[in-house]
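Novice: Input: one structure, supplied below.
Numbering (the numbering used here), first residue to last: -19 to 211.
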């Protein structure tokens, strides 16, 4: 098994290919994860699409983000000139990057990078669609912690991401699609799933290990708050 500091590796492709699981196009410049016998996977199928990219260049910020992130992946690209893979940056958990940036906010470059990242994220979010998706989450999971439905919807509905919130079923607010988004959020933020992946477990094995915990949380969120009416 890998230890926490044996980062996973994501490669920027330089040739045409397809994800061996969902068959999505993986053309030049797309990011892929090599999953051994399972082949090349897009980040969504590899369950790494929730991570955010931190470009190389700021050693202090990278060190702090990596330290704070349970799960991380080195991004590599083949250099024809040097005939080797070169590091482009790191994929880390967004909360880890936020924490690292807070620790480095006296650095003007870091402040500007955070501003650009937040601007790009806002541009990729259809606010009305996210609001409707979040309301559907609240309808199905009335005991979901207040405000959590917005974060789940924003993550699931990012434009161009290929995430569940962008699917045809989700656009019709299909219950299965919404439940899938909620389950993914719980798995990533409320279980040891990332730790299992970081240790080298296959994502299917890791999902199975936390399945009961995810189901228990979803059941709790589905419970409607009882309001006793006085006589």
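Glycine is no exception: its CB is placed at the ideal position from the N, C-alpha and C atoms.
In chain order, which beta strand (DSSP E) runs of at least 3 residues are fully inside the stretch 2 to 51?
Specialist: 11 to 14, 20 to 22, 32 to 35
Novice: Near residue 76, which residues of its chain fall below 6 Å by C-beta distance, leaving aside the five closest residues on each side in sequence?
Specialist: 45, 48, 49
Novice: Going along the chain, which unbroken runs of the alpha helix (DSSP H) with 4 or more residues stay wholly within the stretch 148 to 179?
Specialist: 148 to 151, 155 to 170, 173 to 178
Novice: Let me confirm a value: residue 108 is counted as buried when at least 16 other C-beta atoms fall within 10 Å, else exposed. Which label applies?
Specialist: exposed
Novice: Step through the CB atoms of chain B and report whether any lies within less than 8 Å of the CB of residue 58.
Specialist: Reference to chain B is not applicable here, since this structure consists of a single protein chain.
Novice: Can you tell me where the alpha helix (DSSP H) holding residue -4 begins and where it ends?
Specialist: Looking at the DSSP string, residue -4 is not in any alpha helix (DSSP H), and its letter there is neither H nor E.
Novice: Closer than 7 Å by C-beta to residue -2: which residues in its own chain qualify, once you throw out the five before and the five after it? Chain order, please.
Specialist: Within the same chain, residue -2 has close Cβ partners 4, 5, 6.
Novice: Assuming residue 41 and residue 90 form a contact by the criterion Cβ under 8 Å, report the distance between their Cβ atoms to the nearest whole angstrom.
Specialist: 6 Å
Novice: Please go through the same chain and pick out, in chain order, the residues whose beta-carbon is closer than 6 Å to the beta-carbon of residue 196, but skip the five residues on each side of it.
Specialist: none
Novice: In angstroms with no decimal places, state the Cα-to-Cα distance between residue 54 and residue 188.
Specialist: 26 Å
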